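**Student:** One structure, as structure tokens, below. Some questions next.
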Amino acid sequence: MGTRTQEAAAGPRLRVRNSQGDDDLSKRIHVLTHHEELAATGSDGVVVVIDVLFATSTLITAVDNGAREVLIAETEQEARILSRNVKGPVILGGEKQGKRVPDFDLGPVPLDYGRDVLFGKAVIYVSTNGTPAMIKAGRTGLPVLLASLRNAPATARYLGTASDDRDIYLLCSGSRGLLSLEDFVCAGHIAAHLRAWDPEFYNDAALAAMQVAESRPCLNWVSSGQVGRALVSHGLEHVVSFCSEIGTTDTVVALDGRRLVPMGNRER
119 MGTRTQEAAA GPRLRVRNSQ GDDDLSKRIH VLTHHEELAA TGSDGVVVVI
169 DVLFATSTLI TAVDNGAREV LIAETEQEAR ILSRNVKGPV ILGGEKQGKR
219 VPDFDLGPVP LDYGRDVLFG KAVIYVSTNG TPAMIKAGRT GLPVLLASLR
269 NAPATARYLG TASDDRDIYL LCSGSRGLLS LEDFVCAGHI AAHLRAWDPE
319 FYNDAALAAM QVAESRPCLN WVSSGQVGRA LVSHGLEHVV SFCSEIGTTD
369 TVVALDGRRL VPMGNRER
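Last residue of the sequence shown: 386 in our numbering, with the numbers rising by one and none dropped.
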């Protein structure tokens, strides 16, 4: 596609584990609570972007439900431009400042992205916090994965078994520059699942996130955060419940410029 950015040119750069396994390559787990911390990332690692409500939950659902391709945009205008360069039927979806973009086909909620709506169509998605975080992560030069609670265990297994990237940066997209509880909890679950590969280091935020994540069910945390409370107050408990389900899909997704790339399913 003609509008692909330079960071897409080489494709996803996850380092695949070689036949010897590189078992001596210990992992180091870092939870980043806002975008600015990306400046501290090293040159050998992978960034996992998390936006439970809703960007990563919705984008992974779109991949699962048969979208022909899924792309992200930083702004509404960029989404419209991208749509003009994609062949075949296109669905524009997402939100800005929590509201559906007026001329878009769908809003941000994953339950709207069903197989009957998406199958065989391209999806272009934009959001206030999640897609800018993904694009900013891509500009670090590191490979980027997307994670939600729904694919958190699968993402951890992929990082543990298939990737030789040593430093794992779990980036919470947050909300308007502030930490979102649901993203922190998701990061904690991924960090906790990575214990199976005996990481040599967890930063303090990762240690705290694991303790929080394991202290209560996901639904309790997601529904008690600022965004979750607002959704519940508007009668959207079913949406919060969907986004709080953990390990419901084995889909692992990488970011290639503006395009999402399924990385294959890992066995349970």
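Cβ coordinates follow ideal geometry from the N, Cα and C atoms, glycine included. Here the structure is a predicted model, which means the values were calculated and not measured.
Going by CA-CA distance only, name the one from M252, E154 and T159 that's closest to I147.
**Tutor:** Among M252, E154 and T159, the Cα nearest to that of I147 belongs to T159.
**Student:** In whole angstroms, give me the CA-to-CA distance for L296 and D282.
**Tutor:** Each residue's alpha carbon lies about 31 Å from the other.
**Student:** Compare the Cα-Cα distances from H152 to each of K217, R198 and P250 and report the closest residue.
**Tutor:** Considering only alpha carbons, the answer is P250.
**Student:** Identify every run of the alpha helix (DSSP H) within the stretch 345 to 384, keeping only runs that are complete inside it and at least 4 residues long; order them along the chain.
**Tutor:** Listed in chain order, the complete alpha helix (DSSP H) runs (minimum 4 residues) inside the stretch 345 to 384 are 355 to 362.
**Student:** Along the beta strand (DSSP E) that carries K214, what are the first and last residues, could you check?
**Tutor:** V208 to K214 is the span of the beta strand (DSSP E), which, as asked, contains K214.
**Student:** Below 8 Å, can you find three or more Cβ-Cβ pairs linking the stretch 331 to 338 to the stretch 293 to 308?
**Tutor:** Enough Cβ pairs lie closer than 8 Å, so yes.
**Student:** Nearest-angstrom Cα distance between A180 and P228?
**Tutor:** Their backbone Cα atoms lie some 8 Å apart in a straight line.
**Student:** For the beta strand (DSSP E) containing H475, list its first residue and its last residue.
**Tutor:** No answer is possible for residue 475: the residues shown for the chain start at 119 and end at 386.
**Student:** Quick check on I199: buried or exposed, where buried means 16 or more other Cβ atoms within 10 Å of its Cβ?
**Tutor:** By the 10 Å Cβ count, I199 comes out exposed.
**Student:** If you reduce the DSSP assignment to three classes, tell me which class R294 lands in.
**Tutor:** Looking at R294 - three-state DSSP - the assignment turns out to be coil, as it is neither helix nor strand.
**Student:** With distances taken between CB atoms, is the gap from V330 to S341 smaller than 7 Å?
**Tutor:** In this structure, S341 does not lie closer than 7 Å to V330 by Cβ.
**Student:** Go ahead and pull the three-state DSSP assignment for S281.
**Tutor:** Reduced to three states, the DSSP call for S281 is strand.
**Student:** Using a C-beta cutoff of 7 Å, does P228 count as contacting chain B?
**Tutor:** The structure shown contains no chain B; it holds only a single protein chain.
**Student:** Around the C-beta of E385, are 16 or more other C-beta atoms found within 10 angstroms, so that it is buried, or is it exposed?
**Tutor:** Reliability of the predicted coordinates at E385 is poor, the pLDDT of 41 falling under 50, and the value obtained from them is presented with this limitation in mind. It is exposed - the Cβ of E385 has fewer than 16 other Cβ atoms within 10 Å.
**Student:** Using a Cβ-Cβ cutoff of less than 8 Å, which residues in the same chain neighbour L236 once the five nearest sequence positions on both sides are dropped?
**Tutor:** Within the same chain, L236 has close Cβ partners A180, N183, G184, A185 and I209.
**Student:** To the nearest angstrom, how far is the alpha carbon of I308 from that of Y276?
**Tutor:** The straight-line gap from Cα to Cα measures roughly 11 Å.
**Student:** How many Å lie between M234 and A327 at the Cα?
**Tutor:** For the record, residue 234 in the displayed sequence is Asp; it is not Met. Those two C-alpha atoms are separated by around 37 Å.
**Student:** Can you check which of these residues, D162, L150, D368 and A157, is closest to L267 by C-alpha distance?
**Tutor:** If we check each option's Cα against that of L267, D368 comes out closest.
**Student:** Mapping the DSSP letters down to three states, classify L267 as helix, strand or coil.
**Tutor:** Of the three classes helix, strand and coil, the one that applies to L267 here is helix, per DSSP.
**Student:** For I178, which residues from the same chain have a beta carbon less than 7 Å from its beta carbon, with the 5 sequence-adjacent residues on both sides left out?
**Tutor:** Correct list, in chain order: L264, S266, R268, N269, T367, T369 and V371.
**Student:** I need the boundaries of the beta strand (DSSP E) containing D163, first residue and last residue.
**Tutor:** Residue identity differs from the one stated: residue 163 is Gly in this sequence, not Asp. Unbroken beta strand (DSSP E) run through G163: G163 to I168.
**Student:** Which residue wins for smallest C-alpha separation from V345, given the options V170, L156, S161 and A324?
**Tutor:** Nearest of V170, L156, S161 and A324 to V345, Cα basis: V170.
**Student:** Please classify D140 as buried or exposed, where buried requires at least 16 neighbouring CB atoms within 10 angstroms.
**Tutor:** Since pLDDT at D140 reaches only 49, below the 50 mark, its modelled position is unreliable, and the value read off the structure follows with that caveat. It is exposed - the Cβ of D140 has fewer than 16 other Cβ atoms within 10 Å.
**Student:** If you drop the 5 nearest sequence neighbours on each side, which residues of the same chain put their C-beta closer than 7 Å to that of A310?
**Tutor:** M328, A331 and E332.
**Student:** Note down, one range per segment and in chain order, each beta strand (DSSP E) of at least 3 residues found wholly within the stretch 173 to 209.
**Tutor:** Whole beta strand (DSSP E) segments, 3+ residues: 187 to 191.
**Student:** In or out: P380 buried (at least 16 other Cβ within 10 Å) or exposed?
**Tutor:** Classification for P380: exposed.
**Student:** Can you tell me where the alpha helix (DSSP H) holding A331 begins and where it ends?
**Tutor:** D322 to A331 is the extent of the alpha helix (DSSP H) around A331.
**Student:** Can you say whether S322 is buried or exposed, counting buried as having 16 or more other CB atoms within 10 angstroms of its CB?
**Tutor:** Looking at the sequence itself, residue 322 is Asp, so the reference to Ser does not match. D322 comes out exposed.
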